[in-house]
Amino acid sequence: MSADVVNPAAKPADELGFSVDLTGRTAVVTGASGGLGRAIAELLLKNGASVIGLQRRTDVGLEGDYTAVAVDLADAASIAGAVDGILAEREVHILVNNAGINIRHRFEEFPLDDFDRVMQVNLRAVVELTQLFARPMLERGTGTIINIASMLSFTGGYTAAAYATSKGAVGQLTKTLSNEWAARGVRVNAIAPGFIDTEMNTALRADEVRDRQIRERIPYGRWGRADDIAGAALFLASPAAEYVHGVVLPVDGGYLGR
1 MSADVVNPAA KPADELGFSV DLTGRTAVVT GASGGLGRAI AELLLKNGAS VIGLQRRTDV
61 GLEGDYTAVA VDLADAASIA GAVDGILAER EVHILVNNAG INIRHRFEEF PLDDFDRVMQ
121 VNLRAVVELT QLFARPMLER GTGTIINIAS MLSFTGGYTA AAYATSKGAV GQLTKTLSNE
181 WAARGVRVNA IAPGFIDTEM NTALRADEVR DRQIRERIPY GRWGRADDIA GAALFLASPA
241 AEYVHGVVLP VDGGYLGR
(Lines of atoms letter the chains of each structure in order from A and count residues from 1; the text may use other names and numbers.)
(Lines give C-alpha, C1' and ligand atoms only; values in the text may rest on other atoms or scores of the structure.)
Protein backbone atom coordinates (compact mmCIF):
# COMPACT_ATOMS: atom_id res chain seq x y z
CA MET A 1 0.00 0.00 0.00
CA SER A 2 1.44 3.38 -0.95
CA ALA A 3 1.88 6.08 1.66
CA ASP A 4 -0.54 8.96 1.97
CA VAL A 5 0.29 11.98 -0.16
CA VAL A 6 -0.12 14.74 2.40
CA ASN A 7 -0.40 18.47 1.88
CA PRO A 8 3.12 19.86 2.49
CA ALA A 9 1.64 22.32 4.98
CA ALA A 10 0.16 19.52 7.08
CA LYS A 11 1.47 19.23 10.61
CA PRO A 12 2.02 15.97 12.48
CA ALA A 13 -1.01 15.02 14.54
CA ASP A 14 0.81 15.67 17.82
CA GLU A 15 1.34 19.31 16.85
CA LEU A 16 -2.32 19.99 16.20
CA GLY A 17 -5.03 21.02 18.65
CA PHE A 18 -5.45 23.48 21.48
CA SER A 19 -5.89 23.41 25.23
CA VAL A 20 -8.95 24.18 27.31
CA ASP A 21 -9.55 23.83 31.02
CA LEU A 22 -12.12 21.14 31.73
CA THR A 23 -11.14 20.76 35.37
CA GLY A 24 -14.15 19.81 37.46
CA ARG A 25 -16.09 18.52 34.46
CA THR A 26 -17.13 14.89 34.10
CA ALA A 27 -17.54 13.41 30.63
CA VAL A 28 -19.14 10.12 29.64
CA VAL A 29 -17.74 8.62 26.42
CA THR A 30 -19.25 5.48 24.90
CA GLY A 31 -16.93 3.02 23.21
CA ALA A 32 -13.87 4.53 24.90
CA SER A 33 -11.77 1.37 24.81
CA GLY A 34 -10.49 1.96 21.28
CA GLY A 35 -10.64 3.94 18.05
CA LEU A 36 -12.32 7.34 18.07
CA GLY A 37 -13.71 6.90 21.58
CA ARG A 38 -10.31 6.26 23.10
CA ALA A 39 -8.77 9.27 21.34
CA ILE A 40 -11.63 11.50 22.52
CA ALA A 41 -11.39 10.22 26.08
CA GLU A 42 -7.61 10.71 26.14
CA LEU A 43 -7.84 14.30 24.93
CA LEU A 44 -10.58 15.18 27.40
CA LEU A 45 -8.45 13.69 30.19
CA LYS A 46 -5.40 15.67 29.07
CA ASN A 47 -7.46 18.84 29.33
CA GLY A 48 -8.55 18.21 32.90
CA ALA A 49 -11.84 16.35 32.61
CA SER A 50 -12.80 13.26 34.55
CA VAL A 51 -13.91 10.60 32.07
CA ILE A 52 -16.23 7.64 32.45
CA GLY A 53 -16.02 5.13 29.61
CA LEU A 54 -19.14 3.14 28.82
CA GLN A 55 -17.79 0.09 27.04
CA ARG A 56 -17.97 -3.68 26.81
CA ARG A 57 -14.34 -4.15 27.92
CA THR A 58 -13.41 -2.70 31.28
CA ASP A 59 -9.86 -4.05 31.26
CA VAL A 60 -8.73 -1.25 28.93
CA GLY A 61 -7.74 1.70 31.07
CA LEU A 62 -6.48 5.21 30.37
CA GLU A 63 -4.14 7.46 32.31
CA GLY A 64 -5.77 10.07 34.51
CA ASP A 65 -9.12 10.29 36.25
CA TYR A 66 -10.72 7.52 34.20
CA THR A 67 -13.36 4.96 35.15
CA ALA A 68 -14.61 2.16 32.90
CA VAL A 69 -18.19 0.98 33.30
CA ALA A 70 -19.35 -2.21 31.60
CA VAL A 71 -22.37 -1.88 29.34
CA ASP A 72 -24.01 -3.66 26.43
CA LEU A 73 -25.32 -0.93 24.15
CA ALA A 74 -27.57 -3.44 22.40
CA ASP A 75 -29.41 -4.01 25.69
CA ALA A 76 -31.67 -1.24 27.00
CA ALA A 77 -31.67 -2.69 30.52
CA SER A 78 -27.86 -2.73 30.59
CA ILE A 79 -27.79 0.91 29.52
CA ALA A 80 -30.33 1.97 32.15
CA GLY A 81 -28.48 0.15 34.92
CA ALA A 82 -25.14 1.67 33.99
CA VAL A 83 -26.54 5.20 33.77
CA ASP A 84 -28.41 4.88 37.06
CA GLY A 85 -25.21 3.80 38.77
CA ILE A 86 -23.24 6.71 37.35
CA LEU A 87 -25.83 9.37 38.14
CA ALA A 88 -26.21 8.06 41.69
CA GLU A 89 -22.59 9.03 42.31
CA ARG A 90 -21.58 11.67 39.76
CA GLU A 91 -22.80 14.81 38.03
CA VAL A 92 -22.22 14.42 34.30
CA HIS A 93 -21.51 17.57 32.28
CA ILE A 94 -20.50 16.14 28.88
CA LEU A 95 -21.89 13.14 26.99
CA VAL A 96 -20.13 11.82 23.88
CA ASN A 97 -22.24 9.24 22.03
CA ASN A 98 -19.39 7.66 20.10
CA ALA A 99 -19.92 3.89 19.99
CA GLY A 100 -21.18 2.47 16.74
CA ILE A 101 -21.09 -0.60 14.51
CA ASN A 102 -21.36 -1.22 10.79
CA ILE A 103 -22.54 -4.51 9.30
CA ARG A 104 -22.34 -4.62 5.51
CA HIS A 105 -24.68 -6.47 3.14
CA ARG A 106 -26.29 -5.74 -0.18
CA PHE A 107 -29.68 -4.44 0.84
CA GLU A 108 -31.75 -7.09 -0.95
CA GLU A 109 -29.88 -9.66 1.15
CA PHE A 110 -29.65 -7.64 4.38
CA PRO A 111 -30.70 -9.86 7.33
CA LEU A 112 -33.19 -7.92 9.40
CA ASP A 113 -31.55 -9.10 12.61
CA ASP A 114 -28.30 -7.43 11.49
CA PHE A 115 -30.20 -4.30 10.47
CA ASP A 116 -31.89 -4.17 13.88
CA ARG A 117 -28.60 -4.63 15.74
CA VAL A 118 -26.98 -1.69 13.93
CA MET A 119 -29.99 0.49 14.65
CA GLN A 120 -30.03 -0.60 18.30
CA VAL A 121 -26.39 0.34 18.93
CA ASN A 122 -26.09 3.36 16.62
CA LEU A 123 -29.47 5.00 17.24
CA ARG A 124 -31.60 3.45 19.97
CA ALA A 125 -28.72 3.50 22.47
CA VAL A 126 -27.98 7.12 21.59
CA VAL A 127 -31.61 8.03 22.21
CA GLU A 128 -31.71 6.27 25.58
CA LEU A 129 -28.35 7.58 26.80
CA THR A 130 -29.22 11.12 25.74
CA GLN A 131 -32.58 11.06 27.50
CA LEU A 132 -31.14 9.71 30.73
CA PHE A 133 -28.10 11.97 30.95
CA ALA A 134 -29.86 15.07 29.61
CA ARG A 135 -32.61 15.15 32.23
CA PRO A 136 -30.31 16.30 35.06
CA MET A 137 -28.49 18.61 32.64
CA LEU A 138 -31.79 20.29 31.82
CA GLU A 139 -32.62 20.58 35.50
CA ARG A 140 -29.28 22.36 36.10
CA GLY A 141 -29.62 24.44 32.95
CA THR A 142 -26.22 23.40 31.55
CA GLY A 143 -24.66 20.50 29.69
CA THR A 144 -23.03 19.39 26.44
CA ILE A 145 -23.96 16.45 24.23
CA ILE A 146 -21.78 15.43 21.29
CA ASN A 147 -23.01 12.75 18.91
CA ILE A 148 -20.78 10.95 16.43
CA ALA A 149 -22.60 10.97 13.12
CA SER A 150 -20.85 10.19 9.81
CA MET A 151 -20.36 11.56 6.33
CA LEU A 152 -23.01 8.93 5.55
CA SER A 153 -25.37 11.26 7.40
CA PHE A 154 -25.12 13.23 4.12
CA THR A 155 -24.44 10.51 1.52
CA GLY A 156 -25.80 7.03 1.00
CA GLY A 157 -22.69 4.92 1.01
CA TYR A 158 -22.60 1.41 -0.43
CA THR A 159 -23.63 -1.88 1.20
CA ALA A 160 -24.13 0.14 4.39
CA ALA A 161 -27.89 0.68 4.45
CA ALA A 162 -28.28 0.16 8.19
CA TYR A 163 -25.26 2.28 9.10
CA ALA A 164 -26.22 5.14 6.77
CA THR A 165 -29.82 5.05 8.01
CA SER A 166 -28.72 5.15 11.64
CA LYS A 167 -26.22 7.96 11.10
CA GLY A 168 -28.68 10.02 9.07
CA ALA A 169 -31.07 9.68 11.99
CA VAL A 170 -28.36 10.73 14.46
CA GLY A 171 -27.85 13.91 12.45
CA GLN A 172 -31.56 14.74 12.48
CA LEU A 173 -31.85 13.86 16.18
CA THR A 174 -29.01 16.28 16.90
CA LYS A 175 -30.81 19.13 15.15
CA THR A 176 -34.15 18.34 16.78
CA LEU A 177 -32.71 18.21 20.30
CA SER A 178 -30.85 21.46 19.72
CA ASN A 179 -34.15 23.10 18.76
CA GLU A 180 -35.71 21.88 22.00
CA TRP A 181 -32.81 22.35 24.43
CA ALA A 182 -30.57 25.23 23.29
CA ALA A 183 -32.62 27.82 25.17
CA ARG A 184 -32.53 25.56 28.24
CA GLY A 185 -28.74 25.57 28.44
CA VAL A 186 -27.90 22.20 26.89
CA ARG A 187 -25.81 22.25 23.72
CA VAL A 188 -26.31 19.37 21.27
CA ASN A 189 -23.97 18.96 18.30
CA ALA A 190 -22.55 16.15 16.19
CA ILE A 191 -19.31 15.33 14.43
CA ALA A 192 -19.46 13.65 11.01
CA PRO A 193 -16.14 11.83 10.50
CA GLY A 194 -14.96 11.13 6.98
CA PHE A 195 -12.63 8.26 6.15
CA ILE A 196 -10.75 7.68 9.41
CA ASP A 197 -7.95 5.17 9.81
CA THR A 198 -9.49 2.94 12.50
CA GLU A 199 -10.33 -0.74 12.83
CA MET A 200 -13.74 -0.16 11.22
CA ASN A 201 -11.95 0.72 7.96
CA THR A 202 -9.22 -1.93 8.01
CA ALA A 203 -10.63 -3.70 4.97
CA LEU A 204 -10.81 -0.48 2.95
CA ARG A 205 -7.23 0.44 3.79
CA ALA A 206 -6.07 -3.04 2.80
CA ASP A 207 -7.73 -2.69 -0.63
CA GLU A 208 -5.04 -0.82 -2.59
CA VAL A 209 -7.43 0.35 -5.31
CA ARG A 210 -10.09 1.68 -2.92
CA ASP A 211 -7.43 3.17 -0.65
CA ARG A 212 -5.93 5.10 -3.55
CA GLN A 213 -9.35 6.23 -4.82
CA ILE A 214 -10.31 7.50 -1.37
CA ARG A 215 -7.07 9.43 -0.84
CA GLU A 216 -7.32 10.99 -4.29
CA ARG A 217 -10.83 12.22 -3.44
CA ILE A 218 -9.73 13.87 -0.16
CA PRO A 219 -8.45 17.41 -0.84
CA TYR A 220 -6.18 17.32 2.22
CA GLY A 221 -4.47 14.25 0.85
CA ARG A 222 -4.68 11.72 3.66
CA TRP A 223 -7.03 9.56 5.67
CA GLY A 224 -8.20 11.07 8.92
CA ARG A 225 -6.75 10.05 12.27
CA ALA A 226 -8.63 9.42 15.47
CA ASP A 227 -7.07 12.52 17.03
CA ASP A 228 -8.55 14.66 14.23
CA ILE A 229 -11.98 13.72 15.57
CA ALA A 230 -10.86 14.14 19.18
CA GLY A 231 -9.80 17.72 18.45
CA ALA A 232 -13.25 18.53 17.09
CA ALA A 233 -14.85 16.93 20.16
CA LEU A 234 -12.64 18.99 22.48
CA PHE A 235 -13.73 22.17 20.70
CA LEU A 236 -17.42 21.27 20.94
CA ALA A 237 -17.01 20.41 24.63
CA SER A 238 -15.26 23.68 25.37
CA PRO A 239 -16.62 27.14 26.21
CA ALA A 240 -15.29 28.25 22.79
CA ALA A 241 -18.33 26.50 21.27
CA GLU A 242 -20.90 28.25 23.48
CA TYR A 243 -22.79 29.62 20.46
CA VAL A 244 -22.53 26.42 18.43
CA HIS A 245 -25.84 24.53 18.48
CA GLY A 246 -27.40 21.87 16.24
CA VAL A 247 -24.34 21.48 14.01
CA VAL A 248 -23.39 18.27 12.22
CA LEU A 249 -19.73 19.09 11.67
CA PRO A 250 -17.91 17.23 8.88
CA VAL A 251 -14.32 16.38 9.79
CA ASP A 252 -13.27 14.78 6.54
CA GLY A 253 -10.29 16.58 5.01
CA GLY A 254 -12.66 18.32 2.59
CA TYR A 255 -14.15 15.10 1.16
CA LEU A 256 -17.78 16.25 1.14
CA GLY A 257 -16.90 19.51 -0.58
CA ARG A 258 -15.18 17.80 -3.50
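Residue 1 is where the sequence shown starts when you use the UniProt record's numbering, and the numbers rise one by one after that. Every residue, glycine too, gets a C-beta built ideally from N, C-alpha and C.
query                                                                                                                          : result
Local conformation of residue 16 per DSSP, three classes                                                                       : Bear in mind that a pLDDT of 49 at residue 16, under 50, signals an unreliable position, so the model cannot answer this.
Local Cβ density within 10 Å of residue 111, reported as buried at 16 or more and exposed below that                           : exposed
Beta bridge counterpart(s) of residue 135 as assigned by DSSP                                                                  : The partner list for residue 135 (beta bridge, DSSP) is empty, contrary to what the question assumes.
C-beta contact flag for residue 192 and residue 149 at 8 Å                                                                     : yes
Closest Cα partner of residue 109 within the set 248, 35, 162 and 122                                                          : 162
Opposing strand residues paired with residue 29 [DSSP bridges]                                                                 : 53 and 96
Residue 58 versus residue 122: straight-line alpha-carbon distance, rounded                                                    : 20 Å
For residue 224 and residue 21, the rounded distance between their alpha carbons                                               : 26 Å
Segment limits, alpha helix (DSSP H) that includes residue 145                                                                 : First-last for residue 145: 143-148, but that is the beta strand (DSSP E), not the alpha helix (DSSP H).
Pair within 8 Å by beta-carbon distance, residue 101 and residue 52                                                            : no
8 Å CB neighbourhood of residue 255 in its chain, flanking five on each side removed                                           : 151, 194, 195, 217, 218 and 219
Rounded C-alpha distance that separates residue 5 from residue 146                                                             : Its pLDDT being 46, under 50, residue 5 is placed unreliably by the model, and the measurement read from it follows with that caveat. Cα to Cα, the separation comes out at about 31 Å.
Cut-off 8 Å between Cβ atoms - residues of its own chain near residue 37, not counting five sequence neighbours on either side : 29, 30, 31, 53, 55, 96, 98 and 99
Under the three-state DSSP convention, the category residue 189 falls into                                                     : strand
Continuous beta strand (DSSP E) stretch holding residue 247: start and end                                                     : Counting along the chain, residue 247 falls outside any beta strand (DSSP E), and DSSP gives it neither H nor E.
Supposed contact pair residue 39 and residue 229 - C-beta distance, whole angstroms, cut 8 Å                                   : 7 Å
For residue 68: DSSP bridge partner residues                                                                                   : 53
Supposed close pair residue 167, residue 153 - CB separation, criterion 8 Å                                                    : 5 Å
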